[in-house]
Structures are given as structure tokens and as C-alpha cells.
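Start counting the sequence shown at -6; every next residue gets the next number (this note's numbering).
Every residue gets a Cβ at the ideal spot worked out from N, C-alpha and C, and that includes glycine.
For reference, the structure discussed in these notes is given below.
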Amino acid sequence: MSSKLPRRMWIAPLVVIASLGVAAPSLSAAGPSASPLVYPPAERSDHVDIYWGTEVPDPYRWLEDPADARTTAWVEAEEALARDFLDALPTHASRESQMTALLRQPSVGSPTTAGGRLFWTANDGTQAQSVLYTSTAGRNAGTILIDPNKLSNDGTVSLASWVPSPDGRYVAWATSDGGSDWQTWRVRDVRTGRDLRDRLRWSKFCAVTWSADSAGFYYCRYPRPADPLESVNTNMQVRFHALGSRQSDNPVVYADPQQPELFVTPYSAAGSSRIWLFLSDGATSNNTLAFVTGDRQAPRVQRLSLDIDASYAVVAQSRRHAWLLTTAEAPNWRVVRVDIRRPASRNWVEVVPESDRTISNVTSIGGRLVVTFEEKASSRVEVYSRGGDLQGAVRLPGIGTVTSLSPNGDRGRAFLGYTSYLQPRKVLTFNVDQRRLRNWYSPPVPFDPADFVTEQVWTTSKDGTRVPAFVSRLRSTTPNGERPTWLYGYGGFNISITPAYSPDAIAWMRSGGVYVVANLRGGGEFGQEWHQAGTLMRKQNVFDDFSGVAEWLIANDWTTPAHLAANGVSNGGLLAGAALTQRPDLFGAVIPEVGVLDMLRYQYFTIGYAWAPDYGRSDDSKEMFEYLLGYSPLHNVKTDVDYPATLIMTAERDDRVVPAHSFKFAATLQHANPDGEPMLIRIERQGGHGAGASLEQAVSRSADRLAFLDAYVG
-6 MSSKLPRRMW
4 IAPLVVIASL
14 GVAAPSLSAA
24 GPSASPLVYP
34 PAERSDHVDI
44 YWGTEVPDPY
54 RWLEDPADAR
64 TTAWVEAEEA
74 LARDFLDALP
84 THASRESQMT
94 ALLRQPSVGS
104 PTTAGGRLFW
114 TANDGTQAQS
124 VLYTSTAGRN
134 AGTILIDPNK
144 LSNDGTVSLA
154 SWVPSPDGRY
164 VAWATSDGGS
174 DWQTWRVRDV
184 RTGRDLRDRL
194 RWSKFCAVTW
204 SADSAGFYYC
214 RYPRPADPLE
224 SVNTNMQVRF
234 HALGSRQSDN
244 PVVYADPQQP
254 ELFVTPYSAA
264 GSSRIWLFLS
274 DGATSNNTLA
284 FVTGDRQAPR
294 VQRLSLDIDA
304 SYAVVAQSRR
314 HAWLLTTAEA
324 PNWRVVRVDI
334 RRPASRNWVE
344 VVPESDRTIS
354 NVTSIGGRLV
364 VTFEEKASSR
374 VEVYSRGGDL
384 QGAVRLPGIG
394 TVTSLSPNGD
404 RGRAFLGYTS
414 YLQPRKVLTF
424 NVDQRRLRNW
434 YSPPVPFDPA
444 DFVTEQVWTT
454 SKDGTRVPAF
464 VSRLRSTTPN
474 GERPTWLYGY
484 GGFNISITPA
494 YSPDAIAWMR
504 SGGVYVVANL
514 RGGGEFGQEW
524 HQAGTLMRKQ
534 NVFDDFSGVA
544 EWLIANDWTT
554 PAHLAANGVS
564 NGGLLAGAAL
574 TQRPDLFGAV
584 IPEVGVLDML
594 RYQYFTIGYA
604 WAPDYGRSDD
614 SKEMFEYLLG
624 YSPLHNVKTD
634 VDYPATLIMT
644 AERDDRVVPA
654 HSFKFAATLQ
664 HANPDGEPML
674 IRIERQGGHG
684 AGASLEQAVS
694 RSADRLAFLD
704 AYVG
């Protein structure tokens, strides 16, 4: 079991980028010189909200209602305008051809082992969605177990999650429709290839955890919402589902009506059959732990007595002890052994101490603890005994990221997923005794990695803080003062942005562009202090860090504002929106994707309230309201500013960051700048927050993004 639980609603995937397989176009195309666009009409109402005595107009409040006829008409008109505009860009057709070739590449996911069987996903490069395979003899002998491509005509129903039972006989699997976070769970019999009658609905942000006897599993669910894409999601429950039972008969394992915004995630850890519960109040890094006792039909939950101002995750366990990865008295994380009967911190035994490197993951393999560190924003791996003795380091392929680590039985073997800026995700076998990696699957790449170089540079933010960034390019691309440069950032929720393969970035670099990823405060690259320095009333540090990287690129003769683009996704979409409104002089193009752009009202939709530990809320205090109002992109658009060309990207079925953020921001920009650079909004109909996109959708997104960048910073 991985030590850190998957971050749920606040995860924003990196830009799903694609690479080149055919000759790339030149980036010398200038922006279109057509007459100013005529934007669809958008009624401006006189709606005003009052916050702490301050009146705040919200003239496009009606765009929050997807059922409003005005919203429907506006969305259709904006979608048509953007489609016509993007399709007509000079490099769009060639970019679409390139991305089709590049995204049609085979891929294989890291396997999971259960009951002597392997389970893994793979895509032959032509399929809309990856397929789940199983085998007892290895990858080359795999058979198809679940093919989500048969579930929809347009490829927009995805295999969102899958978990084999401990004996390998069953797989609990969940689908997502059109990118929605909502999941429907089913159970497939591995021997027959057929599903049982079981159907579980209204689950999100939570995978299932099987009981040790494979008789059923623990899962999360919410009450059925009035509107699945808009309603606030509260009162999460954990229930136990016995195979063959009806969902309505599943007993409640944990629920707390007094804390409706609590998140509860069941999980297990190597070494015992005990089921744990991870309890947190949303996107905060802090949590507490509990475990399940008693009969499954009448379960009880026992909490550990832990301080609530730190993070905890169980990485291994025995009947008496649990090994915890924690930030308690260790902002960069440490591993401690806890006596479950005496969990007070004075009784802890430190196993892996805190260091100047951040621990990003711990996995128990063959009775050892395999610890993944983040060192200068890339992965390092070391092996420790459960007593804390360092047994040695693992030599990784290069400067990159360990994406997964899953035990292969109980023999000290594992599968390790690895990626870098120039390496698509590959799968390696890992021998813990020898600390040796061997290739299990390495995908082909349609380019020579030796043609590229990635360098880590250190920049200086407004307050003097040193901020790192990775600068990637062709070796032949050298500073000349006007290189087209794509700057990506995130900076939030303790999420580390470490090296990862970006096919779009490969395409961009092969055309002579520079691709830059900034490691901003608010992320997790350098521990809790780095994270907290970009939260609440310190959020401006994130935007200043991003601007500091941009200024470094200009000062070091890489580019100019006219050739520099800002981009980010989700929380990074907020970053891009703030870059647009705070520093329009610094960029030639801005692309905010599925962004949180209305900082006064984000908490009133779906899961938005869970982001308050990072952002604060407008109803917390007058001071917090004024701070949010000061940087909220929606509320800082001005009429007397020449904004750079902007492509806002969102999706109608995004039930994490609802598209109303982007709708209102686009209408506001278009009203304020009717005669300036294009202020476009691209609205994907059968798409969500980013996950589960079909091959066709991925090609379209990439082609639109790249052609827009070609036109406005090339």
C-alpha cells in the first residue's frame, strides 16, 4: 500500500500533452490579423452580493445555471466561435496530424498482483480508452478482462478505477461517464469474464478496499445529489458491500452527520488484514486515523489518539504496531512505529527520520520499507529495514519521477513506474534484495531523447525566495532573446510537480520552442513549509513565484513577453488567470484550463468547500474576503488594460471545478476587451476535469492548444 493516499478532488492533472511523429511546423507564424471578433451577446444583470458590508457586482450570475436557456444559447455560440477560430489557425491542421500520430503510441500501466495473477492496463495506440488485462504468466500472455471501449460509441466512458480481490478471483471496477468524478462500481468474475449483479452508485474520490477473505469490500458514497454536476457533495459515508448484496442493504461503517464536510477513505496496509480509515476535512494535509473492528454487519470504528495538526498514513502494520508516515514534528515527513494500544507520540519509535529531502511515498515490500524522496523536485529511492536501518539506494534511470510502486507477491519483488520529461511512463521490475531495476515494458518514442536537454535553474521571487524551474529544449535551441516559451505552473495543495512526459512539450520543443515547468510555493516539492507558504493569505507568493520565473527567462535572454505563454490547469488555471490579470505585460498568450477563477463563490459548488484549507473562504472573515477579492481573476478584469491573447479551456461535465468559473471569466474578459486580442473559451461537451479523455478528445485538445500558442507567441 502506498503511504500517501491519492489526493482526491484537488488533483489537477498536468497538461495532457503530446509529442511529434512527423515534421514540425515553424513557430514563426504571427497571430491572425483579422478584424476584432464579434463575441456572442451576454446579458449583464444588476445582481450584487454583499460581503462584510462591501457590494460586489456579479452580472453574469445566470451563467452558473446550466439549465438557463440563456446559458445554453451562450455556450453554443461561444463553442462555435472558438471552433471556427481555432480550426482556421495557420498550424492547426498540421498540429492535429502530428498529435494524432504521436498519441497513437502503445502504452502499458504498472501491474498489480493478486492471487498469483497480474492485472494491468494497456493501450495499443489506437484505442480511445485503455483496456484491463490479466495473466498468470506475464505480459505477453495477457488476456482482456475489461474493455471500456465497448461501453460507449464515442469513447467517453472510461475505466476510472479497478481493484482486484486478494485472492485474484474478482475485480471491482468503476466507470466514469464523460469525465465526471462520479463512479459506478461493478464486480467482474475473473474466471468467467462476466459481471456479478452488483452495482454501486454515487461514489467519488475513493477507491474500494477488499476484505482479506475477498468476500466483499469497503467503499465510499454520498447521498444521491439533486444535480450530479452542480450540487454540493457532503455527508460522505463508508459502507461495506458483501458480494451479491444490494447497495441499499450495505451497512454503514462510518458516517459523521456532525461533520458533513469530512472525507473518509478506507484502505489497508501490508502486514495485517486490519482496515484503516483516513479522515480529513478536505484538501488540508492534516488528518487523523481510525480502524474498523467488530462484525461487518455491525462494524465499529476505533480512532487513534493523534494530534490533528499533522498528516498520517499507515505504510505497514502488524497485530500490535503500525508504521506511520507523518508530518508530526517533521514538515518534510518521517516514518515512526506506533504501538496501537499506546498511540501517544511519547511512545513512538522513529524509523526513518526527517531530513532536508521530502518523503513523497513509502511502500512495504518484502518486509522492507522502500522510501521515495523528492530531492530538488525529482525522485530518489532508498531501502530501509522496518527497524530503520538504511540498506542502500536504488539507481533510477535518470532525473525523473517514480509514478508507482506495487509489490509483486511477498518475495521482495515489485513493479516500479517511471517517467521523465523525455521518457513516457515505463515499467521496471524491482528486486528489493539486490536493489536492482530491470525493464518490464518500455514504450517506443518517435524521437531521439539525445536531441533534448533538461536543466534545473533557480530563480528569485519578489520576496527573495529561491524558486526552481525545469527548462527543457532541443540541444540546438540556445538563448537568442526571442525563443517561443511555454511556462507551466501549479503551486497548490501540497502537490509536487516533478518531471513527467509531455508529448505536447516534445512537439513544442521540436519546433524550436522552450518548455518550462516552475516549482512554486504552495506545492509539496520542499515539504509542508513550502506548501503553507503558498496558502491562505500567503497565496500571492505563488503568483509572484511564477512571475519571477517569467522574468528570469526574459533576463537570461531566452524570450520576451511577446514570445512567452502562461499555462496551468485547475489550481494552475487560477494561477494562469492571476498571471493574466496581474501581469498582462509579461505574456503574449495565456491559457487557463478548468480553472478556479471566482474566488468568492468557489465553495458553493460540488466539492469546492474542500479547497478552503488552501484558499480560505470569502465568508470566513472580512480580512480573508478582502484578500481573496484582491487576487480573484474574475474580479480583477479591467477595461483599460490590453490583455494578451487568451484561450480559456473548460468542459461541460466538469463536476470538480464547475465550468461556471470559466463561463463568467470569459464573458467578463470579452465585455472588458471587445476590440483587443482574442478572448476565447473552448468548451468541451463530453469532457470533465481532465481524466478519462478519449484519444480523439486528447488529440483535439492538444491541437487547439498548440496552434493557439503557435499563433500568438511564435
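If you draw a straight line from the C-alpha of residue i to the C-alpha of residue j, how long is it?
i    : j    : result
G710 : D288 : Beyond the ends of the chain as shown, which are -6 and 707, falls residue 710; an answer cannot be given.
W341 : R330 : 6 Å
G581 : L557 : 5 Å
T93  : G484 : 31 Å
A86  : W479 : 21 Å
T114 : T168 : 14 Å
L299 : W175 : 32 Å
R63  : G570 : 25 Å
F701 : P324 : 41 Å
G515 : V650 : 19 Å
A691 : A200 : 25 Å
V446 : S687 : 30 Å
F656 : R350 : 41 Å
P606 : Q252 : 15 Å
V308 : R217 : 33 Å
L699 : P667 : 24 Å
T227 : R296 : 21 Å
V180 : L627 : 44 Å
E689 : S90  : 12 Å
S338 : I301 : 12 Å
E523 : A303 : Reading off the sequence, residue 523 comes out as Trp, not Glu. Straight-line Cα distance between these residues: approximately 15 Å.
P157 : G102 : 15 Å
G707 : P477 : 5 Å
R373 : V460 : 20 Å
T643 : G209 : 38 Å
S695 : D703 : 12 Å
V15  : Q290 : Any reading at V15 needs caution, since the residue's pLDDT is 30, under 50, leaving its predicted position unreliable; the model's value is listed next. Distance between the alpha carbons of V15 and Q290 is about 60 Å.
V425 : T319 : 24 Å
L20  : S504 : Bear in mind that the predicted position of L20 carries a pLDDT of just 39, short of 50, making it unreliable; the figure below should be weighed with that in mind. So the alpha carbons of these two residues sit roughly 6 Å apart.
Y377 : P439 : 38 Å
G171 : Q427 : 44 Å
In the DSSP assignment, the alpha helix (DSSP H) including residue i goes from what residue to what residue?
i    : result
S261 : S261 -> not in any alpha helix (DSSP H); beta strand (DSSP E) instead, spanning 256 to 261.
Q384 : Segment 383 to 387 is the beta strand (DSSP E) holding Q384; no alpha helix (DSSP H) there.
E89  : 85 to 96
M229 : Per DSSP, M229 belongs to no alpha helix (DSSP H) and is neither H nor E.
D591 : Careful: D591 lies outside any alpha helix (DSSP H) and carries neither H nor E.
Y602 : From DSSP, Y602 is part of no alpha helix (DSSP H); its letter is neither H nor E.
Y620 : 615 to 624
Along the chain, where does the beta strand (DSSP E) that runs through residue i open and close?
i    : result
F112 : 110 to 116
S357 : 351 to 358
A337 : Neither: A337 is in no beta strand (DSSP E) and is coded neither H nor E.
Y705 : From DSSP, Y705 is part of no beta strand (DSSP E) but of the alpha helix (DSSP H) over 688 to 706.
T64  : Premise fails: T64 lies in the alpha helix (DSSP H), 62 to 80, not in any beta strand (DSSP E).
Y377 : 371 to 378
L318 : 314 to 319
Y434 : 429 to 434
I268 : 268 to 273
R418 : 416 to 424
If residue i and residue j are in contact, beta carbons under 8 Å, what's the gap, nearest whole angstrom?
i    : j    : result
A493 : T412 : 5 Å
L272 : N280 : 6 Å
E347 : W326 : 7 Å
A462 : V507 : So it is not a contact: roughly 11 Å between Cβ atoms.
Taking 6 Å as the cut-off, does the CB of residue i come closer than this to any heavy atom belonging to the ligand SAH?
i    : result
A165 : This structure simply doesn't include the ligand SAH, nor any ligand for that matter.
Shorter than 7 Å from the beta carbon of residue i to some beta carbon of chain B?
i    : result
G275 : Given the protein chain composition of this structure (a single chain), no chain B is represented.
The stretch 572 to 580 contacting the stretch 497 to 516, beta-carbon criterion three pairs below 8 Å: no
In chain order, each beta strand (DSSP E) run of at least 3 residues that lies wholly inside the stretch 491 to 568: 507 to 511, 557 to 562
Given 8 Å, three or more beta-carbon pairs between the stretch 247 to 261 and the stretch 226 to 233: yes
Cβ contact check for the stretch 428 to 440 and the stretch 526 to 538: 3 or more pairs under 8 Å: no
Contact the stretch 127 to 144 vs the stretch 634 to 641: 3+ CB pairs below 8 Å: no
Three CB pairs or more closer than 8 Å across the stretch 102 to 109 and the stretch 153 to 164: yes
Those runs of the alpha helix (DSSP H) which lie wholly inside the stretch 646 to 676 and span at least 4 residues: 653 to 665
Cβ contact (3+ pairs, closer than 8 Å) linking the stretch 357 to 364 and the stretch 388 to 401: yes
Beta strand (DSSP E) segments (min. 3 residues) lying fully within the stretch 458 to 494: 459 to 467, 478 to 481
Segment contact, 8 Å Cβ cut-off, at least three pairs: the stretch 532 to 542 with the stretch 451 to 459: yes
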